[in-house]
Amino acid sequence: MQTKVVKFGGSSLADAHQFVKVANIIKSDPSRRYVVPSAPGKRFPKDTKVTDMLYACYDVAARGGEFSDMFEAIVERYVQIVKELGLKIEDRILREFSTIRMSFLARAGRDYAASRGEYLNGIILAEYLGFSFVDAAEVIFFGEDGKLKLTETCKAVKERLEQVGNAVIPGFYGSMPNDTVKTFSRGGSDITGSIVAAAVNADLYENWTDVSGFFVTDPRIVPDPEPIKTITYRELRELAYMGAGVFHEDAIFPARQAGIPINIKNTNRPEDDGTMITETASDDSSPYVITGIAGKKGFVTVTIEKDMMNAELGFGRRVLEAFENNGVSFEHMPSGIDTMSIIVHKDEFEAKEDKIIKAIQTTTNPDKIDIDRDVALMAVVGRGMRAQRGTAARIFAALAHAKVNVKMIDQGSSELNVIVGVREEDFETSVKAVYDIFVVQKL
Ligand code: ASP
781 MQTKVVKFGG
791 SSLADAHQFV
801 KVANIIKSDP
811 SRRYVVPSAP
821 GKRFPKDTKV
831 TDMLYACYDV
841 AARGGEFSDM
851 FEAIVERYVQ
861 IVKELGLKIE
871 DRILREFSTI
881 RMSFLARAGR
891 DYAASRGEYL
901 NGIILAEYLG
911 FSFVDAAEVI
921 FFGEDGKLKL
931 TETCKAVKER
941 LEQVGNAVIP
951 GFYGSMPNDT
961 VKTFSRGGSD
971 ITGSIVAAAV
981 NADLYENWTD
991 VSGFFVTDPR
1001 IVPDPEPIKT
1011 ITYRELRELA
1021 YMGAGVFHED
1031 AIFPARQAGI
1041 PINIKNTNRP
1051 EDDGTMITET
1061 ASDDSSPYVI
1071 TGIAGKKGFV
1081 TVTIEKDMMN
1091 AELGFGRRVL
1101 EAFENNGVSF
1111 EHMPSGIDTM
1121 SIIVHKDEFE
1131 AKEDKIIKAI
1141 QTTTNPDKID
1151 IDRDVALMAV
1161 VGRGMRAQRG
1171 TAARIFAALA
1181 HAKVNVKMID
1191 QGSSELNVIV
1201 GVREEDFETS
1211 VKAVYDIFVV
1221 QKL
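Just so you know, we're using this note's numbering here: the sequence shown kicks off at 781 and counts up by one.
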């Protein structure tokens, strides 16, 4: 029999009604054996996620403030779920809450506080499904440096899960060498799911959320964009700007290393295929030449000019060191014979601007430094571009028609992506123009 690891996000488990949908999905396929839940998310747009309630409540408790009302509001979320599901574990949940309250008073830490959202949801879901509950703190390990110990973790998860047929393992946290709880960064239940999938060598890692996978572009720019059926890990990395919110970037690595495909699915529309993320995909597995268009505003281009720059040994290194020594990482670096441009995030750069410019001036003695603060980047990504002549020509023809002036072009030698820099006010127009030519007109 196949083994699938299934992770459900916060909106998929926001209330009892959502729990029922989740249980139906799990029960409809016996290979869905290992389940990783998030904490209850928002039930309606203005609602607060339990994780945020826990952080806020703990902060008050840690300052010695009165936190009873805030705490009760969290208890209420879980009690309501338990009651509406008709489970007989209200006493157990209340006992857990009195331990949590005591730990808050004993300053057990923000990570511990936040992790209780997943922990309690895991207990409830395990009970509802009739699956074993495996506390993530017992099988997911971080080192002294706060980094995940992947090999040891996979071994522990595997050994533990082999003893049980089905299990619920809460997402988002693990333990430090001194047994305190540590969480991943926000949205980190995706990472737990990926680790569990790698550990049990699953056939598939299903990541259930509230959208039917990735779309070719941002629905806020192009209404109702086409879904992406298949995307490769590398394409997804190139489109990292787009993944935000749907899937945690760090969650790709464990599953990818173990060669396990990831399927992003929608709990509210389980019949939709969603998006499959795989190592390789044939060029004809997508109906379009491109796979996705993503991008962001808020970049700065720093252009350094110096005659004979190309003949000066170590010039590029010294420029990059000016950024590195100030803790600013660069996004792209297009260059000419006597010019070099560094594209960085505006907010990061402006916080260190004076120091960086001074360092470039003293270490490279340039003829001129230009700063352009009006840059948006658009990434057009697609495995199909390699096999198709004229893709770049079509992108730039579409932009010219839309009267967009292109400031910068950067094509990776993998021929998987073309990055275009435009003025911020032209960003949405650019995305729409490229979407129109490749997806609407299917050119
Ligand atoms: N509950 C955590 C958060 O809100 C982790 C997760 O949902 O993946 O960030």
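From the three backbone atoms N, C-alpha and C, an ideal C-beta is built for every residue, glycine too.
Item, Value
"Please find out if some non-hydrogen atom of the ligand ASP comes closer than 7 Å to the beta-carbon of T831.", "yes"
"Under the criterion of a Cβ to heavy atom distance below 7 Å, does A1172 qualify as lining the ligand ASP?", "no"
"To the nearest angstrom, report how far apart K929 and V1161 are at their CA atoms.", "33 Å"
"In terms of residues, what are the limits of the beta strand (DSSP E) holding M1056?", "T1055 to T1058"
"Hey, how far is the Cα of A1178 from the Cα of K1212?", "9 Å"
"Does the ligand COA have even one heavy atom less than 7 Å from the beta-carbon of G973?", "The ligand COA is not part of this structure, which contains only the ligand ASP."
"Under the three-state reduction of DSSP, which class applies to K1148: helix, strand or coil?", "strand"
"With a CB to CB cut of under 7 Å and the five nearest residues on each side skipped, what residues in its chain are close to P999?", "P1005"
"Any idea what DSSP makes of R812, helix, strand or coil?", "strand"
"Got a sec: is the Cβ-Cβ distance from Q1221 to anything in chain D below 8 Å?", "The question asks about chain D, but that chain is absent: this structure has only one protein chain."
"Can you name the start and end residues of the alpha helix (DSSP H) that S878 belongs to?", "E870 to L885"
"Check the C-beta distance from R1153 over to V1080 and give it rounded, since I have them as a contact under 8 Å.", "5 Å"
"Using a Cβ-Cβ cut-off of 6 Å (strictly less than) and excluding sequence neighbours within five positions of A977, which residues of its own chain qualify?", "V785, Y985, A1035 and I1040"
"Could you check what DSSP says for R1153 in three-state terms: helix, strand or coil?", "strand"
"Would you give the residue range spanned by the beta strand (DSSP E) that L984 belongs to?", "L984 to T989"
"Using three-state DSSP, classify S1109 as helix, strand or coil.", "coil"
"Looking at C-beta atoms only, is the number of pairs between the stretch 899-918 and the stretch 949-962 that lie closer than 8 Å three or more?", "yes"
"What are the start and end residues of the beta strand (DSSP E) that includes V1082?", "G1072 to E1085"
"Run through the DSSP bridge pairs and tell me what Q1191 is partnered with.", "V1198"
"In the DSSP assignment, find the alpha helix (DSSP H) that holds N1090 and state where it starts and stops.", "That residue, N1090, is in no alpha helix (DSSP H); it is neither H nor E in DSSP."
"Can you tell me which of E864, A836, K868 and Y892 puts its alpha carbon nearest to the alpha carbon of A853?", "A836"
"Is the CB-CB distance between K1009 and D1053 below 8 Å?", "yes"
"Going along the chain, which residues of its own chain have a beta-carbon closer than 6 Å to the beta-carbon of M1089, five neighbours each way excluded?", "F1095 and D1118"
"Please classify N1197 as buried or exposed, where buried requires at least 16 neighbouring CB atoms within 10 angstroms.", "buried"
"Would you give the residue range spanned by the alpha helix (DSSP H) that I1001 belongs to?", "Here I1001 belongs to no alpha helix (DSSP H), and DSSP marks it neither H nor E."
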